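In our numbering, the protein residues as written are 62 to 790. Backbone N, C-alpha and C fix where the C-beta goes; we use that ideal spot for every residue, glycine too. All of these numbers come straight from a predicted model, not from anything done at the bench. Since the structure comes first, as structure tokens, the remarks are kept for the end.
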Amino acid sequence: MALSWSDDYRNYSGFRSSGGYNRFNNHHSSAFRKVDLHCQTNNNKHHTSEISVKQLIVRRGQPFNITLKMAKPFNPDSDQLIMKAETGKYPSEKQGTMSLFGVPDKVERSFSAKAVWKAEFQKNSVPEPTILALTITPPADTPIGEYKLSVRLRAEEKELAKLSVLFNPWCSEDWVFLPNKEEREEYVMNEHGIIYTGADHYISELLWDFGQFEEDMVQICLKILDLNVKHKRDPADDVSARCNPIYVSRVISNMINSNTSNGVLQGNWSNNYSSGFPPTHWSGSYAILKQWYGSSCSMVKYGQCWVFAGVMCSVMRLLGIPCRVVTNFESAHDTNQNLTVDNYYDDNGVREKTSSDSIWNFHVWVEGWMRRPDLAKSGKYDGWQALDATPQEKSEGMYCCGPAPVKAILSGDTHLKYDVPFVFAEVNADCVNWKIKRDGSKIKMSSDSKTVGQHISTKRPGSNQRLDITDTYKHREGTEQERNVFRYALDRLANGSRGGHFNGVTHTPHRNEAPQLTVQFEQESTPVNGQDVNLKLVLNSDDSAARKLSINISVQAMRYTGRPVANIQNQVIEKKLLPGRDLIVPIHVPYSTYNKHMVHCKSMNITAMITELHNEDHIYLATEHMVLKDPPITITVSDKARVKNSMPARVAFTNPVSKILRHCTLTLSGRGLFYGEKTFKLPDLMPNKRLLVKLNIVPYKSGEKTLLVDFDCDSFRDIKTSCIVHVKP
């Protein structure tokens, strides 16, 4: 039979707190005088002192110490100190959200009690009759969250403290245990990172400030959990389920996007961001989370995939789930789970918008590290799990994705939860290109099993180098093993294991075999926004006779999601390709032609559709995804930075075009340097003139910090740069 607590327990009016030292408001007859929570010492040992040294924040499965001063001597032979830890509105021993324990531990607990805490006298402490030095250990499977810790001696009850309990990647019994020290430092403790964007041949780096250890991040992240739809339906069950990182990570995936009530970020893939910030504005997570929390949990505008991933990574790391941001280039979005993406082109080689499927230049998600005993007791699917907060397709009725075991994706186990088929298609779908004729009929131009899923990338632990992890998701393209896995994955879907079925390619026109034609693009220089773009199309044939060709060259402004925004220019020419000779077609795209279409886009798609004039069924297609590099911006800072001392910095930018840049702003951020973001309005910048901004920064934390700078105007959106600042105490 469980111990019962007196009815007036919840009405007790607590204590005063300062730096973990609590002095009770006692009557003279009270047995309790004060408690020292040793916040700084405990938080240091629990790797949470970066968050706070004033509030007790511990990790499950790891002991922490408190000292309780009594009014009278405590005799363990005759006295029993009974303690109680509880979380949520409806704490219960059966659900693991309440635990009764004590010293000595003679507490009668329910037979169904889960997640039992433990208390004992500190080893090697000098015994004093009125000083109780206690070691308390939350179990490795206790739900994470804010706890109330209380104590009872005889008939008197006191609330000792409120503390936060997080997942523990340092504890081997915790499902998030990550044995590699360097990886823990990177994927839990590092507040700065790199998110890779661009395209497969134009990979660029976006420095991101995760800021997971800002002082109010515990409250923010727990608020995210409290507002999820499952908590609203059944708060007791939801809080109990927070013992499981599989469940918690799935909740976070759903809550980061605003497609659920009180979600953090609203997605926007249009060119209209007038009621918020464009997704390219953000350089870190904390400014977004702080705005959400400070606005009564109203959605923040706006985000796209890399922003969703950056914010989710911050929340995961704060809660203690090892997490890294992952970018997949040439990422497929397969809406009907047939593992095939269809692209449609008109007679001029212009990409049509008719397909519900698409291939994104890049797509960003996160991986969380955890065990998956729900899938295999052997540990076969333990390790990195793909999770995606970008709202794309519904999973079990909600916009969330994962956790999908990366090992399951590698082996084609598309019957497993959660959302393995969707992620498998993102990295390994086949691509079919169709030409839509004027009469509406379609001709299959080509099929491609190798393009999707390129250079899957994350930041390498302990450095700023890119780590290619493609081989963790799929076997090398072109190998028999990769094709066997693909066929196996299709078979699992066709058997109805996960819904959907393989439709295959329904129309393959008869085509005469033609001599090989090699088509490729070559750059003449690095494409830079603000400058004319120049490249050339090179054709070569193994035919022994000359070939007359119609060449349609189309240039489109593209969203990174593979959706066309506007047609920039078209060119149709007829040329003769001579045997053994290269045919070179120059392509010139002036800045004056593309600039108005590319303000909110960085990706330019050049398509060449080549048709043989003597046989129009012989069609060849070549495409080039070109990402325009931003014009340069520089920042310099003093090498003598100290906490609470003013530090000078200079930002310089030169207008590279012959037009006035209007609505100029400069935004600075960086944990330890700024609380949130600082934005400055700047005057218009005349053609070819240099902008120089001088400012002073007062760091508030020591260590290696990253200063992030964003310059924005009406013609060049969100040009970013950064620098490392070494701040001395």
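Under the DSSP assignment, ALA486 falls in the alpha helix (DSSP H) whose first and last residues are 481-489. Cβ contact annotation for PHE182 (same chain, cutoff 7 Å, sequence separation greater than five): VAL164, ALA194 and LEU195, in chain order. Beta-bridge pairing by DSSP links GLN632 to ILE614. Only residues of its own chain outside the window of five on either side were considered, and among them ILE281 have a CB closer than 6 Å to the CB of LEU350, listed in chain order. Spatial neighbours of THR587 in its own chain (CB-CB distance under 8 Å, excluding positions within 5 residues in sequence) are listed in chain order as LYS690. Straight across, the Cα-Cα distance linking GLN123 with ARG723 is about 56 Å. Per the Cβ contact rule, the stretch 447-457 is in contact with the stretch 304-314 (3 or more Cβ pairs under 8 Å).
Your pair ILE645 and VAL599 checks out as a contact, with CB atoms roughly 6 Å apart and the cut at 8 Å. Residue state for ARG624 is assigned as coil, using DSSP reduced to three classes. Within the stretch 337-403, the alpha helix (DSSP H) runs of at least 4 residues that lie entirely inside it are, in chain order, 347-355 and 366-380. Residue MET659 holds the alpha-carbon nearest to the alpha-carbon of ARG620 among ILE612, ASP593 and MET659. A distance below 7 Å between beta-carbons, with the five flanking residues on each side excluded, links TRP343 to the following residues of its chain, in chain order: ILE349 and VAL368.
In the DSSP assignment, VAL427 forms a beta bridge with VAL386 and LEU448. Taking a C-beta distance under 8 Å as the contact criterion, LEU578 and ILE504 do not qualify as a contact pair. About 7 Å separates the Cβ atoms of ILE382 and TRP430, confirming a contact at the 8 Å cut-off.
Just so you know, the alpha carbons of HIS686 and TYR655 end up roughly 15 Å apart. Out of ALA260, LYS362 and ARG732, the CA that lies nearest to the CA of LYS663 is found in ALA260.
Around the beta-carbon of SER502, fewer than 16 other beta-carbon atoms lie within 10 Å, marking it exposed. Taking a contact as a CB-CB distance under 8 Å, the pair LYS637 and LYS609 counts as one, their CB atoms being some 6 Å apart. DSSP places CYS784 within a strand segment (E or B) once states are collapsed to three. In the same chain as VAL168, and ignoring 5 residues on each side of it, the C-beta atoms closer than 7 Å to its own belong to LEU64, ILE143, LEU161 and PHE162, in chain order. Contact check for MET250 and LEU379: beta-carbon distance about 11 Å, past the 8 Å limit, so the pair fails to qualify. Under the three-state reduction of DSSP output, ASN749 falls in the coil class, being neither helix nor strand. In the DSSP assignment, TRP269 is bridged to GLY254.
Our two residues, GLY463 and LEU756, have alpha carbons roughly 44 Å apart in a direct line. As a beta-bridge residue in DSSP terms, LEU528 pairs with THR519.
In the assembly as shown, VAL425 is a buried residue. Its beta-carbon has 16 or more other beta-carbons within 10 Å. Boundaries of the alpha helix (DSSP H) around ASP298: 296-302.
Short of 6 Å from the beta carbon of PRO692, and not among the five residues preceding or following it, lie these beta carbons of its own chain, in chain order: GLY591 and PRO717. In the structure shown, the three-state DSSP call for ILE307 is helix. Judged by DSSP in its simplified three-state form, HIS476 adopts coil rather than helix or strand. Under the three-pair Cβ rule at 8 Å, the stretch 106-123 does not count as touching the stretch 182-192. Between the alpha carbons of THR401 and TRP353 lies a gap of roughly 38 Å. In the DSSP annotation of this structure, the continuous segment of the beta strand (DSSP E) that includes PHE162 starts and ends at 159-164. For THR102, no beta strand (DSSP E) segment is defined; the enclosing uninterrupted segment is the alpha helix (DSSP H) at 100-106. DSSP places ASN545 in the uninterrupted alpha helix (DSSP H) bounded by 541-555.
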